[in-house]
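Report on the structure given below.
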Amino acid sequence: MKRDNRLPTVIQSLRNAIVSARPGARLPSVRTLVNEHRVSPATVERAFAQLVSEGLIEPRPGQGTFVRQARESTSEGADFSWQSVALGATRVDGGFMNTLLTVPPPESLILSMGYLPPDLQASSLLASALRQNSRRLELWDRLPIEGLEPLRTWFAREVGQGTVFSSHDVIICGGGQAAIATTFRALVPAGRPVLVETPTYSGAISAARATGLELVPVAIDEQGVRPDLLADAFRQTGARVFYSQPTFSNPSGTVLSAERRAVVLDIAAKARAFIIEDDWARDLDLTGTIPAPLAVSDQHGHVVYIRSLAKSAAPGLRVAAIIARGAASARLKSARCSDDFFVSGPLQAAALTVVSAPGWKRHLSTARTALIERRDALVSALNAELGSHVTFQVPSGGMHLWLRLPDHISDDAITADMARQGVVISAGRAWFPADPEGSFLRLTFAAPPASLREGVRRLAQVIREKI
Ligand SMILES: Cc1ncc(COP(=O)(O)O)c(C=O)c1O
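Per the numbering used here, residue 11 is the first one in the sequence shown, and the count goes up by one each step.
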């Protein structure tokens with residue numbers, strides 16, 4: 011028993027050997043490894059079996075165990091050039107989204123990222139909730155497309171404050187991004203316009219393009235979307251859908267003002283149009299005075315509401331809700347059916363366990379307190395290092411700060427320079443559905459204060475050289 015505890019060590023040492031070996035190299039024999047690690051032959055066999063299952067090594071009967079050829083080498087000599095004709099032009103701009111999701115090297119300073127960093131994630135709550143629910147065998151069976159009833163009830167109560175929605179209005183999806191993509195596809199025919207704030211979430215831009223929609227940018231100011239321009243855009247384009255983030259918009263941090271909330275709802279009603287309300291940062295309110303969702307004041311089914319748990323728990327909790335009423339709800343269920351049927355049962359149940367646990371409220375409160383401290387650290391560092399060379403609004407929620415650079419400094423050039431220095435930031439242009447209105451960077455204030463300060467110090471050096 012005791013010896014088996016050394017299995018991870020044996021696997022790790024084999025992994026190290028594999029990384030530095032050439033493909034086809036022979037690994038030490040079972041007997042050598044038994045002596046080296048003072049383990050039983052069965053432990054070595056289990057280590058080999060694990061690495062075989064990962065495709066890293068291959069046993070050759072009678073000869074030994076060998077490092078497998080690198081994956082790329084299996085395409086050596088293959089000619090994939092025919093695929094460019096078969097695929098045609100691309101509508102899916104995976105490039106930027108891939109960059110955003112790429113995990114940077116461990117020593118990087120991360121000043122742009124869409125999720126809470128590991129030290130603020132609800133990982134232990136999640137781990138124990140998943141352990142608990144993975145044993146409930148009924149959850150591995152087929153589930154209703156719209157998701158588990160108790161989880162839908164939780165979302166309905168949470169969003170509608172107990173009065174506005176019922177579980178029938180809620181459809182569970184595999185994360186906010188999936189919810190946006192499904193909603194676009196279900197509500198807007200390909201080729202038709204969709205109105206979006208500018209700047210707006212780059213993932214929504216990408217999903218709209220992938221669906222073949224025409225993006226129509228509508229300008230915002232410090233109170234959110236401009237109602238005059240929104241009404242104009244509906245009139246001019248005949249659009250029937252407006253994708254919006256009324257609360258802590260990513261990237262600008264803007265909150266739609268109380269006066270405009272009613273006006274925007276009224277404009278959508280007059281245009282007989284939907285508003286897709288992406289309420290991604292509701293759990294990340296740093297003021298304690300967050301306005302209610304638009305959906306709560308909508309009587310006639312104009313608002314289709316999206317709420318994800320990945321932002322407040324951890325990126326791996328791929329669970330979100332779409333709340334919709336009327337025929338839109340039926341369309342959305344059909345769209346989910348052609349997407350991926352339903353979200354894994356144990357994951358849905360784990361999500362419910364997490365948000366119902368007493369520790370959830372504590373987790374949210376700890377995350378918010380840390381975000382306030384980190385936002386303030388970023389703001390002080392920017393003021394101290396860059397002063398009047400840059401402009402920004404102090405965000406009151408979410409996790410991003412939208413930094414305007416002097417117009418002659420390229421956001422792309424700065425981002426590339428910073429990447430060379432091991433600092434991850436995002437060039438603002440990816441958040442514009444059409445022409446960028448200036449040069450911007452999106453900075454995230456979720457990293458620990460020391461990283462933020464050091465990142466800004468390096469950023470300021472690079473910017474000052476270009477002023
Ligand atoms: C505004 C906004 N909406 C939706 C999402 C999607 O998040 P998830 O799919 O992890 O729920 C993101 C992620 O960055 C976002 O920033």
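Here a beta-carbon is modelled for each residue, glycine too, at the ideal position from N, C-alpha and C.
- Proximity of the segment 375-386 to the segment 447-466 meets the contact definition, three or more beta-carbon pairs being nearer than 8 angstroms.
- Per DSSP, reduced to three states, the secondary structure at residue 49 is coil, with no helix or strand assignment.
- DSSP, reduced to helix, strand and coil, places residue 282 outside both helices and strands of the structure shown, so it counts as coil.
- By the criterion of a C-beta distance shorter than 6 angstroms, residue 190 is surrounded in its chain by 214, 217, once the five residues flanking it on both sides are discounted.
- Look at residue 377: its beta carbon is at least 7 angstroms from all of the heavy atoms in ligand 1.
- Under the 8 angstroms Cβ criterion, the segment 357-373 counts as touching the segment 124-136, having at least three qualifying pairs.
- A direct Cα-Cα distance of roughly 20 angstroms separates residue 112 from residue 329.
- Nearest Cα to residue 274 within the set 292, 264, 260, 239: 239.
- Here the alpha carbon of residue 358 sits roughly 11 angstroms from the alpha carbon of residue 319.
- When beta bridges are read from the DSSP output, residue 76 appears opposite 36, 68.
- Here the C-alpha atom of residue 141 lies approximately 40 angstroms from the C-alpha atom of residue 466.
- Rounded to whole angstroms, the gap between the alpha carbons of residue 418 and residue 447 is 12 angstroms.
- DSSP places residue 410 in the strand class (E or B) of the three-state scheme.
- In the displayed model, residue 188 falls within a helix according to three-state DSSP.
- Here the alpha carbon of residue 441 sits roughly 32 angstroms from the alpha carbon of residue 336.
- Straight-line measurement puts the Cα of residue 68 at about 12 angstroms from the Cα of residue 57.
- Unbroken beta strand (DSSP E) stretches of 3 residues or longer found wholly inside the segment 252-337: 284-288, 313-318, 330-333, given in chain order.
- As DSSP reads the structure, residue 182 sits in a beta bridge with 331.
- Here the segment 223-235 does not lie against the segment 163-183, with fewer than 3 beta-carbon pairs under 8 angstroms apart.
- Annotation for residue 230: the continuous beta strand (DSSP E) segment containing it runs 224-231.
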